[in-house]
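Novice: In the working numbering, the protein residues as written are 31 to 112. Beta carbons are placed, not taken as given, at the ideal position from N, Cα and C, and that holds for glycine.
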């Protein structure tokens, strides 16, 4: 089991620190490792967002990339009542 606090503490004290990683990407990676962020889109995004997309090469890429779907799902949930 991976805890958010243990990963955050490791990030602060790791001797192999890298400036290539940003805080946001670390938070997403922690979420994926702990199972809080799914790497697939939800059924709701498949029903409400994907059908309204224009059918072009960008839509095809989005529909077939699980990480893009996961990010879209996070954004969709944040803006659900807006």
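Are residue 103 and residue 62 touching if we call contact CB-CB under 8 Å?
Specialist: No.
Novice: If you draw a straight line from the alpha carbon of residue 88 to that of residue 101, how long is it in whole angstroms?
Specialist: Rounded to whole angstroms, residue 88 to residue 101 spans 15 Å at the Cα level.
Novice: In the DSSP assignment, the alpha helix (DSSP H) including residue 92 goes from what residue to what residue?
Specialist: First-last of the alpha helix (DSSP H) with residue 92: 87–94.
Novice: Note the first and the last residue of the continuous alpha helix (DSSP H) segment covering residue 73.
Specialist: It spans 73–78 - the alpha helix (DSSP H) in which residue 73 sits, taken as one unbroken run.
Novice: Give the straight-line distance between the Cα atoms of residue 94 and residue 73, rounded to the nearest whole angstrom.
Specialist: Cα to Cα, residue 94 sits roughly 14 Å from residue 73.
Novice: Within the same chain, show all residues whose beta-carbon is closer than 6 Å to that of residue 92, passing over the 5 residues directly before and after it, in chain order.
Specialist: Correct list, in chain order: 98.
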